[in-house]
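Participant:
Protein chains in written order, with full-length UniProt numbering: chain A, 1 to 217; chain B, 1 to 243.
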């Protein structure tokens, strides 16, 4: 048996690239959800009432300390029994976004803590309303300095998207699996998928490192 | 759920713990080897370990697991599922861990190395008696985070058909159809194990710091999580302990 079949590689490549599109789509949508939800958690964890802080903190800790794969199964099998049916991709995006929002919450928290106290005091001195203090003063400075950290989570999420294959999303890994099941040759498709991950994740991580240096933190 | 089905879950939990321990040991060995190699005097050693680290941090652990299980046999090696899982987790988390080792060693003040040089310690003594004892306590909190990420990663092994917790849950779900209950239970199980790991590692940190005459900071949030392989906050800022 040949160890590596180039013509077969060429044959499966279009399917894998179609899977790559799904992977990228899931990453992009998941990131948007994670960025928004993470901010919600971060702000909720700063409210003065412990009746908000405590439950939100508990839920965030729980989600962060349990496996994404199991959470995906939970969403995939339990939501329909409650009468809510999403497509597998939507379920996957919700799972990814929810899981990573517990990490981005921590990133935002660090960013908000990093805003100098003087900024808060200045906002108070100008008697800016609370909402405006957050939107116009604190958050723009906090988010600016955490952009590279958020980018790193996008990369981490990208590398976790193959888990969506377990809930039947036709991402890269699922495409590779199906190609393998058809021809009994897994070597080429799975190797190509692994390499594609490195080819995308490594340059992006270099970009984030450069960004981090530029923003000077 | 009947007791028999609960038993299936506990059996799965046991395999999950085994898988976590085996791959953690492998990952720790690789982390130290690769982390030290990246600080080597010889560029070729630095280069090779750099390629390893960047490659395994860049690819997906699940894809790696698939590759070791499905693709490697066609190239001539057949791994048992448990070992393919262990190897995949050990290799990827070892790569993440090597960054922790490297960061902690570089965070040891240069004066310590210079003092050891001045006392004409051999390189081996310098590393073993001076640098590492000070670097190791700083590694504990990031290693704790990685260990929890690794524990979460063991769920991936279920796709290879390894009978760990997530796999056990799948069997129970198929048998009973009570998805919410089954997955709820195992999520709690994972959470409890992660909690125990955090507690254990905090104890270890206190002990490790005490052994080099440091007091751990009271308000330190050891649970600050860093994405696996991220260069973000945390990994780079290891040297923050009280001196």
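We put the CB at the ideal spot given by N, CA and C, even for glycine.
What are the boundary residues of the alpha helix (DSSP H) that includes residue 7/A?
Facilitator: Taken as a continuous stretch (DSSP letters only), the alpha helix (DSSP H) holding residue 7/A covers 6-44.
Participant: For the segment 56-88 of chain B, list every residue whose C-beta sits within 7 Å of some C-beta in chain A, in sequence order.
Facilitator: Under the 7 Å Cβ criterion, the segment 56-88 of chain B contributes 58, 59, 60, 62, 63, 64, 66, 67, 70, 71, 74, 75.
Participant: Could you tell me which of 157/B, 136/B, 9/B, 108/B sits nearest to residue 62/B, measuring between CA atoms?
Facilitator: Of the candidates 157/B, 136/B, 9/B, 108/B, the one whose C-alpha sits nearest the C-alpha of residue 62/B is 157/B.
Participant: Does the beta-carbon distance from residue 9/B to residue 185/B come in below 8 Å?
Facilitator: Yes; because the gap between Cβ atoms is below 8 Å, this pair is in contact.
Participant: Taking Cβ positions only, does residue 209/B come closer than 8 Å to chain A?
Facilitator: Chain A contact via Cβ: absent.
Participant: When the Cα of residue 233/A is compared with those of 57/A, 37/A, 36/A, which residue comes out closest?
Facilitator: It is not possible to answer for residue 233/A, since the shown part of chain A is limited to 1 through 217.
Participant: Is it buried or exposed for residue 52/B, if we count other Cβ within 10 angstroms and need 16 for buried?
Facilitator: Buried: at least 16 other Cβ atoms inside 10 Å.
Participant: Grouping DSSP H, G and I as helix and E and B as strand, with all else coil, what is residue 89/B?
Facilitator: Residue 89/B falls in the helix class under three-state DSSP.
Participant: Terminal residues of the continuous alpha helix (DSSP H) containing residue 114/A?
Facilitator: Segment: none, residue 114/A is in no alpha helix (DSSP H) and carries neither H nor E.
Participant: CA-CA distance, residue 168/A and residue 138/A?
Facilitator: Rounded to the nearest angstrom, the two C-alpha atoms are 42 Å apart.
Participant: Counting only C-beta atoms, is residue 19/A closer than 8 Å to chain B at any point?
Facilitator: Judged by the 8 Å Cβ criterion, residue 19/A is not in contact with chain B.
Participant: Within its chain, find whatever has a CB closer than 6 Å to the CB of residue 95/B; leave out the 5 residues flanking it on each side and keep chain order.
Facilitator: 53, 56, 57.
Participant: Within 10 angstroms of the Cβ of residue 47/B, are there 16 or more other Cβ atoms? Answer buried if so, exposed if not.
Facilitator: It counts as exposed.
Participant: When you compare the segment 66-80 of chain B with the segment 118-125 of chain B, are there three or more beta-carbon pairs, one atom per stretch, that lie closer than 8 Å?
Facilitator: Segments in contact, no.
Participant: With distances taken Cα to Cα, identify the nearest neighbour of residue 65/B among 44/B, 193/B, 49/B, 90/B.
Facilitator: When each option's Cα is compared against that of residue 65/B, the closest is 90/B.
Participant: Starting from the beta carbon of residue 9/B, find every residue of chain D whose beta carbon is closer than 7 Å, and list them in chain order.
Facilitator: This model lacks chain D altogether; the protein chains it does include are A and B.
Participant: Report the start-end ranges of each alpha helix (DSSP H) in the segment 64-113 of chain B that is 4 residues or longer and not cut off at the edges.
Facilitator: Listed in chain order, they are 81-106.
Participant: With DSSP as the reference, label residue 50/B as helix, strand or coil.
Facilitator: Helix.
Participant: Anything in chain B within Cβ reach of residue 12/A, meaning under 9 Å, just list it in chain order.
Facilitator: Under the 9 Å cutoff, chain B gives no residues; its nearest Cβ is about 13 Å from residue 12/A.
Participant: Taking residue 148/B as the query, report the chain A residues whose CB atoms sit under 7 Å from its CB, ordered along the chain.
Facilitator: Residues of chain A passing the Cβ test: 65.
Participant: Could you have a look at residue 212/B and say whether DSSP puts it in helix, strand or coil?
Facilitator: It is coil, neither helix nor strand.
Participant: Going by CA-CA distance only, name the one from 8/A, 98/A, 150/A that's closest to residue 107/A.
Facilitator: It is 150/A whose Cα lies nearest to the Cα of residue 107/A.
Participant: Going by CA-CA distance only, name the one from 99/B, 22/B, 151/B that's closest to residue 39/B.
Facilitator: Considering only alpha carbons, the answer is 99/B.
Participant: Could you work out which residue in 154/B, 115/B, 12/B is closest to residue 23/B when comparing CA atoms only?
Facilitator: Closest option to residue 23/B, Cα to Cα, is 154/B.
Participant: Check each residue of the segment 77-89 of chain A: if its Cβ is closer than 7 Å to any Cβ of chain B, include it; give the result in chain order.
Facilitator: Per Cβ criterion, the list reads 77, 78, 81.
Participant: Taking a Cβ distance cut-off of 9 Å, strictly less, list which residues of the segment 154-172 of chain B are near chain A, in chain order.
Facilitator: Cβ contacts with chain A come from 154, 155, 156, 158, 159, 165, 166, 169, 170.
Participant: Given 8 Å as the limit, is there contact between the segment 77-84 of chain A and the segment 4-24 of chain A, that is, 3 or more CB pairs closer than that?
Facilitator: The answer is no - the segment 4-24 of chain A does not touch the segment 77-84 of chain A, with fewer than three Cβ pairs under 8 Å.
Participant: Please check if any C-beta of chain A sits within less than 8 Å of the C-beta of residue 191/B.
Facilitator: For residue 191/B, the answer is yes, since a Cβ of chain A falls inside 8 Å of its Cβ.
Participant: From the beta carbon of residue 29/A, is the nearest beta carbon of chain B less than 8 Å away?
Facilitator: Cβ-Cβ to chain B under 8 Å: no for residue 29/A.
Participant: Taking 7 Å as the limit between beta carbons, can you name the residues of its chain near residue 148/A, skipping five residues before and five after?
Facilitator: Within the same chain, residue 148/A has close Cβ partners 208, 211, 212, 215.
Participant: Residues of chain B with CB closer than 8 Å to the CB of residue 197/A, please, in chain order.
Facilitator: Result: 58, 59, 60, 63.
Participant: Can you round the beta-carbon distance between residue 9/A and residue 188/A to whole angstroms, since I take them to be within the 8 Å contact cut?
Facilitator: Contact flag correct, Cβ pair sits at about 5 Å.
Participant: In angstroms, rounded to a whole number, what distance separates the CA positions of residue 132/B and residue 211/B?
Facilitator: Spanning the two alpha carbons is a distance of roughly 12 Å.
Participant: Is it buried or exposed, residue 197/A, if we count other Cβ atoms within 10 angstroms and call 16 or more buried?
Facilitator: Residue 197/A comes out buried.
Participant: Would you please state the rounded distance, in angstroms, between the beta carbons of residue 26/A and residue 161/A? I believe it to be under 8 Å.
Facilitator: That pair is a contact at about 5 Å.
Participant: Judging by CA-CA distance, which residue of 97/B, 67/B, 93/B is the nearest neighbour of residue 84/B?
Facilitator: Nearest C-alpha to residue 84/B: 67/B.
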